[in-house]
Amino acid sequence: MKKNKTAFLGMMTCLALIFSYVESLIPIPIPIPGIKLGLANLLTVILLYAIGPWEAFAVNVVRVVLSGFLFGSLSAILYSLAGCAVSFLAMAALKKSGRFSAVGVSIAGGSAHNIGQILVAALVLDSVDLFFYAPVLLIAGEVTGLLIGIAAGEVLKRIGRGEFS
């Protein structure tokens, strides 16, 4: 299973990159920068439940770095890695508690991602004014987290949790 698992995680990384690219093509009708759908997070939530936290984290980090180089910039990688780390810690902790569904875990991940990005932006720009932007990003993170969580929950029902472990 080790070889198959490595190949599977490679395919999931490629799929996450495709989701990131597709997401970059979708115009968001809200004139607020930084709001995204978080399509690649669908794979993070699925992998967190179906395979495990370390594998989900590895795919997420590799996806962030590669998509940053392919579709973004070095600063985009910095912001995304911060969001990725804070989001993943929140999702892994909630999933481990056993008290939250994939939907709840995804909602927390969407909000935590935005918190991580605001923290880094405030440090880089040396401005606490960015925290006034937090309520809008948190609401957006909750809405997109809800949608991604519903989709992840449906996929997990169909594949059976732990099928690949």
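By our numbering, the letter at position 4 of the sequence shown is numbered 3, and the numbering carries on one by one without gaps.
Virtual Cβ for every residue (Gly too), placed ideally from N, Cα, C.
Check: At 4 residues or longer, what runs of the alpha helix (DSSP H) sit wholly inside the region 16-62?; Outcome: 40-49
Check: Assuming the contact rule is C-beta atoms closer than 8 Å, alanine 111 and alanine 89 should be a hit. Round their C-beta distance to whole Å, please.; Outcome: 4 Å
Check: Let me confirm a value: lysine 95 is counted as buried when at least 16 other C-beta atoms fall within 10 Å, else exposed. Which label applies?; Outcome: exposed
Check: Just the Cα atoms here: how many angstroms apart are isoleucine 34 and threonine 143?; Outcome: 9 Å
Check: What do you get for asparagine 3, buried or exposed, if any count of 16 or more other CB atoms within 10 angstroms of its CB means buried?; Outcome: exposed
Check: Drop a sphere of 10 angstroms on the beta-carbon of glycine 161, count the other beta-carbons inside from all chains shown, and report buried for 16 or more, exposed for fewer.; Outcome: Legend: pLDDT at glycine 161 = 47, less than 50; position of this residue unreliable, value from coordinates given subsequently. Exposed, because fewer than 16 other Cβ atoms sit within 10 Å of the Cβ of glycine 161.
Check: Name the residue from Leu69, Ala39, Ala75 and Ala151 whose alpha carbon lies nearest to the alpha carbon of glutamine 116.; Outcome: Ala75
Check: Less than 8 Å separating the beta-carbons of glycine 148 and isoleucine 106?; Outcome: yes
Check: Taking contact to mean 3 or more Cβ pairs, one atom from each stretch, closer than 8 Å, check whether the region 17-30 and the region 43-53 are in contact.; Outcome: no
Check: Report the CB separation of valine 104 from valine 44 in whole angstroms; it is logged as a contact under 8 Å.; Outcome: 6 Å
Check: Excluding the 5 residues flanking alanine 151 on each side, which residues of the same chain have their C-beta closer than 7 Å to its C-beta?; Outcome: Leu41, Val44, Ile45, Ala101 and Ser105
Check: From Ala84, Asn59 and Val154, pick the residue whose C-alpha is nearest to that of leucine 16; which is it?; Outcome: Asn59
Check: For leucine 129 versus alanine 120, is the C-beta spacing smaller than 8 Å?; Outcome: yes
Check: How about serine 23 and phenylalanine 68: are their beta carbons less than 8 Å apart?; Outcome: no
Check: Nearest to valine 9 by CA position, among Phe87, Glu153, Leu65 and Tyr78, is which residue?; Outcome: According to the sequence shown, residue 9 is glycine rather than valine. The shortest Cα separation from glycine 9 among Phe87, Glu153, Leu65 and Tyr78 belongs to Leu65.
Check: When the Cα of isoleucine 123 is compared with those of Thr5, Ala6, Val21 and Leu77, which residue comes out closest?; Outcome: Sequence check: residue 123 is valine here, not isoleucine. Checking every option, the nearest Cα to that of valine 123 belongs to Leu77.
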